[in-house]
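S.K.: Take this structure first; my questions come after.
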């Protein structure tokens, strides 16, 4: 019987590895094959402290998890700007370095590792010393449950929504005001700490910490468990750990031949099993978003799809009925909300922007027009921090924002849309809009994202009531915005499956959700059906009437004519004329530059 | 440290480095063109060595023939894996294909290596390429086999370089590597190019396996460490670089690994190599891909049909 208890225990320990790796790979899209190495850091810290200094189980456990978490934070720093392929390389390097160190340091037992001098002792909790596999079952169940609950809380909340946004499109996530750096650092730290916890448990369970226990092959096995179980689904990770961990003993029981041969045959079948399983279910056993409750809900909503398509066909709700956005308390402040002076940017020998000056009037619509290649989109990239300007000042409500990261600028009230929309394709329309909405707070403990609710770990774990309330309000607001653009019917449809016109409207709703004062719209009306152009233009005018300041880049003179109060004409990286559209079109030189003919 | 010691270590570094260069060039052409994390490179490596060794000792085939058979076996294995495993898997798993192919490749290697052990036992075998004699030149000792290894490695890398630069096939491969989307529009068939790339990469891998088997021993798990080095060298050299550049990165790694022996004891040498890699990744001034994405962020995206 102990045989099966032993297998169950290993399934549980590897579930901790796989669940935490899933938070990293499945939710935030950061690929790591160093998970067992972080287990090694935890395991060796505990082994060293307990054998050399006689530390008890609990403090050793805490030290191991903390040490591994700290190492994870350190690894996240170079990982921040690496693409997935290079991240694999980085984690291979980290894994090899950790293993080389523990294998070469005599104090840590070299290649043989460190043998434990005492068993795990749960005191002061009941249970005492854990000597037999069967005694381990309950504590390990508790550790696995704890890991599952914490990772699930982080993954399936506003916090996890930001992670998934980072995974799908990091640039769009930043442009909406998500502090991508902070989220990545925290997710590396937390998942590495859990790997460290599992590593400590593995040390106490095996009573030995050696390089081979935490080798690269073990990391790859954990990785396989996670992928195979299903990325973005924690139950899947437990299932994946169970299947891969059970495969060998099962085969052992089924194929009973010469033990030496049997071991090899098992491994052959195990390897082929990986190949076949990943082929049959590439999304994993339990795909992202799968849950019993969800399955029932989607069954029920089948009936609703018809009305959804109907909702798209009908026009958006009358704008005057919209409850979104309080009517502006009209400006007592300075009429210029954005003041740009001397903005310059060179790409090698090309000056994309040279000494550009631009003022946006509060509550007005400005248009940036000019021939292709004039640098209009570059200006948006510079204003929102996506590109770093070489020189100049950008004052937003009197505050200098040049040099600030894109997410900080967004939270300061200036956001932009993208010409190619950049929705988070694997998330639903309403989730996309919810990512724009956040309750900002200046309290010190809301650092670094400056938000209340589920995006704030303190609220998420310590004030669950606040997190729930904010989440509900966010969803209501997001639905309100979707209703405004006429897409409430497709709120629960994955954004990637919507038509381009619908995606454009969702991205517009997402932008409005940020509640920013300055909206930079990159070709809001391009690429969509003409019957929706009116719709979008109506929305832009509506937002202007609510006190928003808007700047559009647009090729269609008709659009500009209808909307813009002021038009800036841009050529070769600088503004060469400004005025109303009538003034500009009556200038023969400009019309020639723009249309190529008078 | 004496000058003689430095020379001896440098010679060892050049020999190992040439071997890493060959591995990196073979892995790099596969990774650069197809984007597949071909972990089963380790299996190809081992398989070629076994085929050569078995034909030589059990089949009594003379060396050039047994070696040729090993190379063909390696290329065939690589092509078969691409054709019947990776390609359908890539179609089935879409955006996740990077990860699923990696897992599949891992499973193949586990299965293949143990199958080899079942068929040919775990006892180590040997390969005799030439009559191995020691050479002493200027106080540095190496063998005739070492000379053969270095020469073969660089010959193969140069051949690959020339193939990519001067032949029609090479031009197609480079086109597919630089811009797969455009290559498809121009009528190049990526599936066929991928097969060719797997054949070429696996051939180089097989050559490395045979040389390694002749230098040390033929064992079931002989490919595990080389595949990690192949991976590292291919990335360090740059996945879009020419094979000769990747080769130089391999040589550099070999020299660093070997010359670190002057300052630290041998068990630390792999730590030195991976620390260099780590530092390189930390200091990389710009991730080119991220940079490109930023520049292109607002441009229409052809893949989305705009």
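Residue numbers (the numbering used here), protein chains in the order written: chain A, 1 to 598; chain B, 599 to 904. Even glycine gets a Cβ: it sits at the ideal position worked out from N, Cα and C.
Can you tell me where the alpha helix (DSSP H) holding residue 407 of chain A begins and where it ends?
M.R.: Unbroken alpha helix (DSSP H) run through residue 407 of chain A: 406-411.
S.K.: What in chain B is Cβ-close to residue 270 of chain A, meaning under 9 Å?
M.R.: 705, 708, 709 and 712
S.K.: Hey, quick one: how far does the beta strand (DSSP E) through residue 689 of chain B stretch, first residue to last?
M.R.: Per DSSP, residue 689 of chain B belongs to no beta strand (DSSP E); it is in the alpha helix (DSSP H), 685-691.
S.K.: Show which residues of chain A have a CB atom less than 7 Å away from the CB atom of residue 715 of chain B.
M.R.: 264
S.K.: State the Cα-Cα distance for the pair residue 216 of chain A and residue 267 of chain A, rounded to the nearest angstrom.
M.R.: 17 Å
S.K.: Cβ of residue 71 of chain A within 8 Å of Cβ of residue 116 of chain A?
M.R.: no
S.K.: Could you spell out where the alpha helix (DSSP H) holding residue 838 of chain B opens and where it closes?
M.R.: Premise fails: residue 838 of chain B is in no alpha helix (DSSP H) and is neither H nor E.
S.K.: Please list the terminal residues of the continuous beta strand (DSSP E) segment that includes residue 734 of chain B.
M.R.: Segment 732-735, the beta strand (DSSP E) holding residue 734 of chain B.
S.K.: Identify the contact partners of residue 84 of chain A in chain B, using a Cβ-Cβ distance below 9 Å as the criterion.
M.R.: 696 and 697
S.K.: First and last residue of the alpha helix (DSSP H) that includes residue 342 of chain A?
M.R.: Looking at the DSSP string, residue 342 of chain A is not in any alpha helix (DSSP H); the run it does join, the beta strand (DSSP E), is 336-347.
S.K.: Does the stretch 732-752 of chain B come close enough to the stretch 657-668 of chain B to have 3 or more Cβ pairs within less than 8 Å?
M.R.: Verdict: no, contact absent.
S.K.: Leaving out the 5 sequence neighbours to the left and right, which residues in its chain are closer than 6 Å to residue 287 of chain A when beta-carbon positions are compared?
M.R.: 230
S.K.: Rounded to whole angstroms, what's the CA-CA distance from residue 759 of chain B to residue 827 of chain B? Just pull it up for me.
M.R.: 20 Å
S.K.: With H, G and I counted as helix, E and B as strand and the rest as coil, what does DSSP make of residue 313 of chain A?
M.R.: Reliability fails at residue 313 of chain A, whose pLDDT of 39 lies under 50, so the model's placement of it is uncertain and no value is given.
S.K.: If residue 20 of chain A sits next to residue 147 of chain A, beta carbons under 8 Å apart, how far is it from one beta carbon to the other, in whole angstroms?
M.R.: 6 Å
S.K.: By the 10 Å Cβ neighbour count, where 16 or more other Cβ atoms means buried, how is residue 777 of chain B classified, buried or exposed?
M.R.: So residue 777 of chain B counts as exposed.
S.K.: Cβ of residue 833 of chain B less than 8 Å from any chain A Cβ?
M.R.: yes
S.K.: Which of helix, strand or coil does DSSP assign to residue 32 of chain A?
M.R.: The three-state reading of DSSP puts residue 32 of chain A in coil, since its state is none of H, G, I, E or B.
S.K.: Determine, using beta carbons only, whether residue 367 of chain A and residue 554 of chain A come nearer to each other than 8 Å.
M.R.: yes
S.K.: Mind checking which residues open and close the beta strand (DSSP E) that includes residue 213 of chain A?
M.R.: Taken as a continuous stretch (DSSP letters only), residue 213 of chain A belongs to no beta strand (DSSP E), as it is neither H nor E.
S.K.: Residues of the stretch 684-695 of chain B with a CB closer than 9 Å to any CB of chain A: list them in chain order, please.
M.R.: 686, 687, 690, 691, 692, 693, 694 and 695
S.K.: Would you say residue 906 of chain B reaches chain A, if we count a Cβ-Cβ gap shorter than 8 Å as a contact?
M.R.: In the structure as shown, chain B begins at 599 and stops at 904. Residue 906 of chain B is therefore absent and cannot be evaluated.
S.K.: Determine the direct distance from the alpha carbon of residue 707 of chain B to that of residue 682 of chain B, and round the result to whole angstroms.
M.R.: 15 Å
S.K.: Along the alpha helix (DSSP H) that carries residue 355 of chain A, what are the first and last residues, could you check?
M.R.: Unbroken run through residue 355 of chain A is the beta strand (DSSP E), 350-361; no alpha helix (DSSP H).
S.K.: Any C-beta of chain B within less than 8 Å: which residues of the stretch 504-521 of chain A qualify?
M.R.: none
S.K.: Determine, using beta carbons only, whether residue 96 of chain A comes closer than 8 Å to chain B.
M.R.: By this cut-off, residue 96 of chain A is an interface position.
S.K.: Counting Cβ pairs closer than 8 Å, one from the stretch 57-64 of chain A and one from the stretch 175-187 of chain A, do we hit at least three?
M.R.: no
S.K.: Going by beta-carbon coordinates alone, are residue 196 of chain A and residue 64 of chain A separated by less than 8 Å?
M.R.: Residue 196 of chain A is a Cβ neighbour of residue 64 of chain A, given a cutoff of 8 Å.
S.K.: Using a Cβ cut-off of 8 Å (strictly closer), state whether residue 71 of chain A contacts chain B.
M.R.: Look at residue 71 of chain A: its C-beta is not under 8 Å from any C-beta on chain B.
S.K.: Tell me the rounded alpha-carbon separation between residue 715 of chain B and residue 270 of chain A.
M.R.: 15 Å
S.K.: How far does the alpha helix (DSSP H) with residue 728 of chain B in it reach, from first residue to last?
M.R.: Boundaries cannot be given for residue 728 of chain B, as no alpha helix (DSSP H) includes it and DSSP labels it neither H nor E.
S.K.: Going by DSSP, name the residue or residues bridged to residue 680 of chain B.
M.R.: Its beta-bridge partners do not exist; DSSP assigns none.
S.K.: Does residue 827 of chain B get closer than 8 Å to chain A when you measure Cβ to Cβ?
M.R.: Judged by the 8 Å Cβ criterion, residue 827 of chain B is not in contact with chain A.
S.K.: Could you name the residues of the stretch 856-881 of chain B whose beta carbon sits closer than 7 Å to any beta carbon of chain A, in the order they occur along the chain?
M.R.: 865, 866, 868, 869, 872, 873, 875, 876, 879 and 880
S.K.: Taking the Cβ atom as the reference point for each residue, do residue 676 of chain B and residue 796 of chain B lie within a distance shorter than 8 Å?
M.R.: yes
S.K.: Against chain B, which members of the stretch 225-253 of chain A pass a CB distance test of less than 8 Å?
M.R.: 227, 228 and 231
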